[in-house]
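A quick write-up on the structure given underneath.
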Amino acid sequence: MASRPAKTPVKMVDAPARAAFIAAFKECGMVGAAADTTGFSRFAFYRARERHKAFADEWDRIAGPRRPRSTGIDAAALEAALFKRVLRGVKRRVLFQGKVVDTYRIFDNRLAFSMLAKLMPDTYGADAIGGPEPVEVMTRDEFLAAIAPR
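Using my numbering, the letters of the sequence shown correspond one by one to residues 56 to 205.
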């Protein structure tokens, strides 16, 4: 029987690496990208977060409620694109022998209802009055009785 190879020891994140991670995290706002600058994995920093309270506090202070700056996502543009997609759908092409022969639009109802629930929670939210009725489950015998010819 072959023996298993010995596990490689986990490299612990030292104080200089934690400081470098915090500096990179302040700049980019993404854990993976900040970890890549230090040579440690992001999982090593999550372990260090559990072990070092001051490091975790600094991490939380930086992360806060704001979004990462380096992603380039404009919230207003994203919102406008979602509204456009809900209202106009997404155009699809039908290809035949490598040529476009037709186009049609697909509307994503899940996206539309999700946006309605966020925009009008009193009317469409999970706790809305007059929401969907609970599903009644029939037994097999009740189902057979309901569909039986009269």
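Positions of the beta carbon are idealized from the N, C-alpha and C atoms, including for glycine. Note that the coordinates shown come from a computational prediction; the quantities given were computed from them, not determined experimentally.
Look at PHE98 and VAL68 and say whether their C-beta atoms are less than 8 Å apart.
no
Sequence-distant residues of its chain with Cβ nearer than 6 Å to GLY239 (five each side left out)
Given that the chain is displayed from residue 56 to residue 205, the structure contains no residue 239 and the question cannot be resolved.
What did DSSP end up calling VAL141 once you bin it into helix, strand or coil?
helix
Could you tell me if VAL149 is buried or exposed, where buried requires 16 or more neighbouring beta carbons within 10 angstroms of its beta carbon?
exposed
Close beta carbons around LEU166, own chain, < 8 Å, minus the five adjacent residues each side:
LEU137, ARG140 and VAL141
When the Cα atoms are used, what is the spatial distance from ILE117 to ALA88?
15 Å
Among the residues of its own chain, which have a CB less than 7 Å from the CB of ALA103, if the five just before and after it don't count?
VAL68, ARG73 and PHE110
Where does the unbroken beta strand (DSSP E) through VAL86 begin, and where does it stop?
It is not in any beta strand (DSSP E) - VAL86 instead sits in the alpha helix (DSSP H) that spans 86-91.
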